[in-house]
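Take a look at the structure set out below.
Residue numbers (the numbering used here): 42 to 499.
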């Protein structure tokens, strides 16, 4: 067996049904591969199926157990003695060997043999002075004319698609009309957020990332404002404990030695909470940009109070997802491309009277051992799409219509030929306008705020 599953396995189970030998099973604590059954898919595919579908790339080569193609195909034949693999079986060891290599041979120079003169003519011929070499004359072949540039083929302009509940005004016109009503990225709002960091750091992690995206300032980050809030609570909690002591036992306790106990309890409470909120860095040893900073004791109710204001001013309702939790090595972009094929890469912004959805469609054809991959282009063909606004949800359906791509996508894991994404919406909507350019879908969803302004769009 030259393939193994590392401890980074997340137990998703995607690899188990892909194995042609049933060599993968649930182990303790992660999935395992039986070395007596694994053939690295030799005889079935020109790639390892488990590695192709693994979302965290934990199906890797075992450096301590390397096996040759001959050993693997012999094992496949013994496991599947009713299958005739022949001599042209598929194997990752042979991947790319069938590609034809063309050798360009320069054309041979044309040699003109000298004309043979009659025997008597040489004697009658008078000697002549040597003539200068003629300049390229009519006897020599004229140089070929430079090729004319081929006329540019204009890309076919597809007709704009329209769907039910789509407004009569275009996307550009509505975008200019429904700009973000409030912004924390400039002016007084930005300054207020920067000065309020010790308090705003108590909010839940998602809310702090919204603010970070809205403010767009190096002076504000989820990690920074959380740290300031922890220091802020080192002072706030002892004061609250002192206030509790004064209310429960009278103001005189503030001037006695007993108040020190309440101060100590407040400091211990702030330290314990701070360690818990920084546990990803303290115990998980994660960098700050990958940590999750939970809310403080009072952060959750504070977030509920500020949520309506933040939804209008910050505007970030849904940010781009992290493709695979815990994946920190190179290959992050490929994982993001995989999420595009599932319709998961989109953002949702609140512009006050409208919502703006931006969704990224698949851009590149995956290189995961696909058959005939060399004959296919690197760029993904444009997807067809449908938009449905129904029951407070926007449903986006994407479909690859290129038959050459669909033939391979339907048989390979982590490469679906189509997707359906359901986006729940809290607001009542009048309708929408959309634009699709460069594999990016933008949908502007107009809210129904009383119905007076919106009816003019129809």
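In this text, a Cβ means the ideal position worked out from N, Cα and C, and glycines have one as well.
Remember, predicted model here, so these are calculated numbers, not experimental data.
- Cβ neighbours of residue 427 within its own chain (closer than 6 Å, five residues either side excluded): 438.
- With respect to the C-alpha of residue 421, the residue from 481, 390, 474 having the closest C-alpha is 481.
- Counting along the chain, residue 116 sits inside the alpha helix (DSSP H) bounded by residues 110-120.
- Pairing residue 280 with residue 307, the inter-Cα distance amounts to about 8 Å.
- DSSP places residue 388 in the uninterrupted beta strand (DSSP E) bounded by 387-391.
- Per DSSP, the unbroken alpha helix (DSSP H) holding residue 266 starts and ends at 263-290.
- Look at the beta carbons and you see the stretch 283-296 not touching the stretch 314-322: under three pairs across the two are nearer than 8 Å.
- Residue pairing for residue 74: DSSP places it in a beta bridge opposite 65.
- The residue among 106, 93, 92, 118 with its C-alpha nearest the C-alpha of residue 84 is 118.
- For residue 62, the closest C-alpha among the options 399, 95, 277, 114 is that of 114.
- Counting other Cβ atoms within 10 Å of its Cβ, residue 305 stays below 16 and is therefore classed as exposed.
- In summary, residue 402 is buried, with 16 or more beta-carbon neighbours lying within 10 Å of its beta-carbon over all protein chains present.
- The DSSP-derived three-state label of residue 320 is helix.
- For residue 465, there is no enclosing alpha helix (DSSP H); the enclosing beta strand (DSSP E) has its first and last residue at 459-465.
- Closest option to residue 474, judged by alpha-carbon separation, among 385, 347, 431, 202: 202.
- Collapsing the DSSP output to three states places residue 298 in coil.
- Nearest in C-alpha terms to residue 347, of all of 248, 45, 472, is 248.
- In the structure shown, residue 326 adopts coil according to DSSP, grouped into three states.
- In this model, residue 442 and residue 47 are separated by some 37 Å (Cα to Cα).
- Taking all protein chains in view, the Cβ of residue 107 is surrounded by fewer than 16 other Cβ atoms within 10 Å, so the residue is classified as exposed.
- Judged by DSSP secondary structure, residue 475 falls within the beta strand (DSSP E) whose first and last residues are 470-478.
- Contact annotation, residue 466 with residue 485: C-beta distance approximately 13 Å; criterion of less than 8 Å not satisfied.
- Residue 218: member of the alpha helix (DSSP H) spanning 212-218, first to last residue.
- Closest by C-alpha distance to residue 490, out of 309, 379, 395, is 395.
- When the beta-carbon positions are compared, residue 472 and residue 207 come within less than 8 Å of each other.
- Closest by C-alpha distance to residue 216, out of 127, 397, 456, 275, is 397.
- The shortest CA-to-CA distance from residue 59 to any of 327, 86, 214 is the one to 86.
- The stretch 291-302 makes no contact with the stretch 263-281; the number of CB pairs closer than 8 Å stays below 3.
- Non-local C-beta neighbours of residue 343 in its own chain, meaning closer than 7 Å and more than five positions away in sequence, comprise 243, 244, ordered along the chain.
- The C-beta separation of residue 261 from residue 234 comes to about 6 Å, placing the pair in contact by the 8 Å criterion.
- Classified as buried, residue 212 has 16 or more neighbouring CB atoms from the shown chains inside 10 Å of its CB.
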